[in-house]
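Quick note, the sequence shown lines up with residues 27 to 203 if you use the numbering used here.
In this text, a Cβ means the ideal position worked out from N, Cα and C, and glycines have one as well.
Keep in mind it's a predicted model, so treat the numbers as computed, not measured.
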Amino acid sequence: CHLPDCDCIWTDWIDVSYPDGSDRDGGDYETFENILKYNSSWVCAKAENISCRAEKFPTTSIADLGQKVECNVNVGLICNNKDQQIGGIIPMPVCLNYEISICCTPNRPECLPNPSTTSTSASTPSSPTSSVSSTTVSTTAPVPTGGETPSSTTPTTATTITMPPSTTSSTPHTTTT
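In structure tokens:
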């Protein structure tokens with residue numbers, strides 16, 4: 027039984043990191059960890075889906091930008107300058123500035139899994155060992171244009187990246203901008 031009030035709700039577009047083009051070891055890191063550092067009151071009970079886009083190219087799929095980017099519902103977005111090639115949509119081998127929107131389960135007990143039925147671990151889940159090319163990353167969420175937020179009336183959960191469920195004991199947070 028799925029309660030309609032428990033459908034995930036899309037956040038506004040979040041952009042807490044900006045890539046430094048002069049730092050080869052830098053990049054753009056719109057991760058849940060960085061969002062929490064930037065806004066300690068951010069709450070996201072459970073991230074069900076994620077949508078990622080380049081700030082300057084909001085209507086272009088990240089798969090069409092020619093950049094190697096990880097857009098992952100368990101981590102957020104990671105783009106490393108050192109992984110980029112000369113060419114693509116910009117002539118320099120640096121990350122574009124990305125932003126993400128997360129579809130979060132409402133932070134209400136009736137919407138969250140019963141703790142006794144979920145497995146837990148004392149360690150933080152590790153990131154994938156290999157990078158994911160932007161050409162393999164997609165979400166089923168539509169990419170909104172302008173200042174709109176994605177619709178919360180159709181919950182979607184599919185991404186092409188498969189990771190184990192989050193096993194951290196901390197509670198992620200949401201932001202309003």
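- The Cβ-Cβ distance between Cys137 and Ala73 does not fall below 8 angstroms.
- The beta carbon of Cys32 sits closer than 8 angstroms to those of Thr131, Pro132, Arg134, Glu136, Cys137, all from its chain and outside the five residues before and after it, given in chain order.
- For Leu62, the enclosing alpha helix (DSSP H) begins and ends at 58-64.
- If you look at Leu103, you'll find it in the beta strand (DSSP E) that goes 102-106.
- In this structure, Asn75 lies near Cys34, with their beta-carbon atoms less than 8 angstroms apart.
- Ile40 is positioned such that its CB atom lies closer than 8 angstroms to that of Glu125.
- Remark: C-beta atoms of Gly47 and Asn106 do not approach each other more closely than 8 angstroms.
- By DSSP's assignment, Asp31 forms no beta bridge with any residue.
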